[in-house]
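For reference, the structure discussed in these notes is given below.
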Amino acid sequence: MAKIGNIDVGDFPLLLAPMEDVSDPPFRALCKEQGADVVYTEFISSEGLIRDAAKSTMKLDIYEKERPVGIQIFGANLDSMLQSVEIVEKSGPDIIDINFGCPVKKVVSKGAGAGILKDIDLMVSLTEAMVKHTKLPVTVKTRLGWDNDSIKIVEVAERLQDVGCQAISIHGRTRVQMYKGEANWAPIAEVKNNQRMHIPVFGNGDVDSPERAVEMRDKYGLDGAMIGRASIGYPWFFREVKHYFETGEHLAPPTMKERLDAARRHLQMAIDWKGEKLGVFETRRHYTNYFKGIPHFKEYRMKMVTSDDSKDVFEAFDEVEREFSDYEFV
Numbered sequence: 001m002a003k004i005g006n007i008d009v010g011d012f013p014l015l016l017a018p019m020e021d022v023s024d025p026p027f028r029a030l031c032k033e034q035g036a037d038v039v040y041t042e043f044i045s046s047e048g049l050i051r052d053a054a055k056s057t058m059k060l061d062i063y064e065k066e067r068p069v070g071i072q073i074f075g076a077n078l079d080s081m082l083q084s085v086e087i088v089e090k091s092g093p094d095i096i097d098i099n100f101g102c103p104v105k106k107v108v109s110k111g112a113g114a115g116i117l118k119d120i121d122l123m124v125s126l127t128e129a130m131v132k133h134t135k136l137p138v139t140v141k142t143r144l145g146w147d148n149d150s151i152k153i154v155e156v157a158e159r160l161q162d163v164g165c166q167a168i169s170i171h172g173r174t175r176v177q178m179y180k181g182e183a184n185w186a187p188i189a190e191v192k193n194n195q196r197m198h199i200p201v202f203g204n205g206d207v208d209s210p211e212r213a214v215e216m217r218d219k220y221g222l223d224g225a226m227i228g229r230a231s232i233g234y235p236w237f238f239r240e241v242k243h244y245f246e247t248g249e250h251l252a253p254p255t256m257k258e259r260l261d262a263a264r265r266h267l268q269m270a271i272d273w274k275g276e277k278l279g280v281f282e283t284r285r286h287y288t289n290y291f292k293g294i295p296h297f298k299e300y301r302m303k304m305v306t307s308d309d310s311k312d313v314f315e316a317f318d319e320v321e322r323e324f325s326d327y328e329f330v
C-alpha cells in the first residue's frame, strides 16, 4: 500500500500527470470519476504566483471531489519557491509537488524544470528548504537526467528522500530526449530496488495500455504509474487499467453516448471555469481521442477544433450523435 506522507493512495495507484493546459479542474474531475487515485494540477510558475499573475493563480483552484490533489510548482529561485509555497498552502492541497522534469525550452532556460538536472545540489537544497517550509508532504517529479552521460537518478532520488521528499515520480527519459524514443524504466526500477529507499517510486512515460501498466507494476516493481498522454481525451484509461488489473481482461471501450456525454460536460465545465474563449480553445486537443476510430470523421473534427464559438462545437457534437449514434468502438 503506497502512502504519500500520511495519505493512503492505494495499492499501485494511478496518478494523473500534471500537464500544461490539460490537467485543469474539468479534466481532473473526469479522470477522478474514471478511477484516477491522485490528480495533479497543471504546473504553476513560482514567479507567476508571487507576481499574482492571473494565469498562474487561476491554476490554484482545487475542489473537494478531486482529493487527494497535488499542486505542482516550478522555479529555480529559492525565495520565489518559498513564497509560492505559502501561496499554494492557502488553496488547501493535499500535496505540493516540485517540477524538476519539464523539458520545455522556456522553462529550462531559466534553470527550472529539467534545467535543474544540471545542478543536483541546487535541486536537493531547494527541496530541503521547501520541506522545512510546509507541513504538507512535498513530492518531486523529475527525469532520469539531463542526458545519457549524466544519469545519476539512484543517487538523486536517495538524496531527495534524505531531505524529506515524500514520493518521487520519474519520467523514463532524459531532458535531451524530450518525448522522443522509448521511455527507459530500468533506471527507475534501480531507484525502487535501492535498499535505502522507503518512499514511493512512481513511473512515468509510455504507460499507454493496461499491459504496460501491469509491466511497470510486476516486471519493474514500481509503486504506481503516473499517466500523462494516454489520458488526454480519454479519461476512461484509468478505469480500463484497473479493470485489467482485477480481471486480466480488457474492458469494453466507452460507448458513443459516454464519449459525447463526457465531451459535452468537459466543454461546459471548461467554459464555466475559464470563460468561453479559453474554454473552447483549451478543450480542442481532447477531441481527436474522444472520437478516435470513427471513419470519415474529419469534417466533424475540423468543426470542433476550428470554431471559436461553443455553440458551433455543441452543434458538432449533436451532428456526431445523429450520424454515428450506432457506431461501435473496438
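According to the UniProt record's numbering, the sequence shown is numbered sequentially starting from 1. By construction, the Cβ of each residue, glycine as well, lies at the ideal position given by its N, Cα and C atoms. All values reported here derive from a predicted model rather than from experimental measurement.
If one requires a minimum length of 4 residues, the alpha helix (DSSP H) runs lying completely within the segment 129-171 are 153-162, in chain order.
When secondary structure is reduced to three states using DSSP, Gly279 falls in the helix class. A check of alpha carbon separations from Ser325 across Glu299, Asn194, Phe291 and Thr306 identifies Phe291 as the nearest. Less than 8 Å separates the beta-carbon of Gly75 from that of Glu47. As the crow flies, the alpha-carbon of Pro93 is around 10 Å from that of Tyr40. Secondary structure at Phe202: strand, using DSSP grouped into helix, strand and coil. Within the segment 245-269, no beta strand (DSSP E) run of at least 3 residues lies entirely inside it. DSSP, read as helix, strand or coil, puts Ile294 in coil. Spatial neighbours of Asn148 in its own chain (CB-CB distance under 7 Å, excluding positions within 5 residues in sequence) are listed in chain order as Thr174.
For the segment 54-108, the continuous alpha helix (DSSP H) assignments of 4+ residues that do not extend past its boundaries occur at 54-58, 78-89 and 105-108, in sequence order. Judged by DSSP in its simplified three-state form, Val22 adopts coil rather than helix or strand. Counting C-beta atoms within 10 angstroms of its own C-beta, Met130 has 16 or more neighbours from the protein chains shown and is therefore classed as buried.
In the same chain as Gly203, and ignoring 5 residues on each side of it, the C-beta atoms closer than 6 Å to its own belong to Trp185, Ile188, Met216, Leu222 and Ala225, in chain order. Less than 8 Å separates the beta-carbon of Val214 from that of Tyr244. Fewer than three beta-carbon pairs drawn from the segment 295-307 and the segment 239-253 are found closer than 8 Å, and the two stretches are therefore not classed as touching. Distance from the CA of Val163 to the CA of Lys55, rounded to the nearest whole angstrom, comes to 31 Å.
Under the 10 Å beta carbon count, Gln166 is surrounded by 16 or more other beta carbons and is classified as buried. Contact between Leu260 and Glu321 holds, since their C-beta atoms are separated by about 6 Å, short of 8 Å. Gly10 has Ala2 as its beta-bridge partners, per DSSP. When Cβ pairs closer than 8 Å are counted between the two stretches, the segment 2-21 is seen to touch the segment 59-72, the count reaching three or more.
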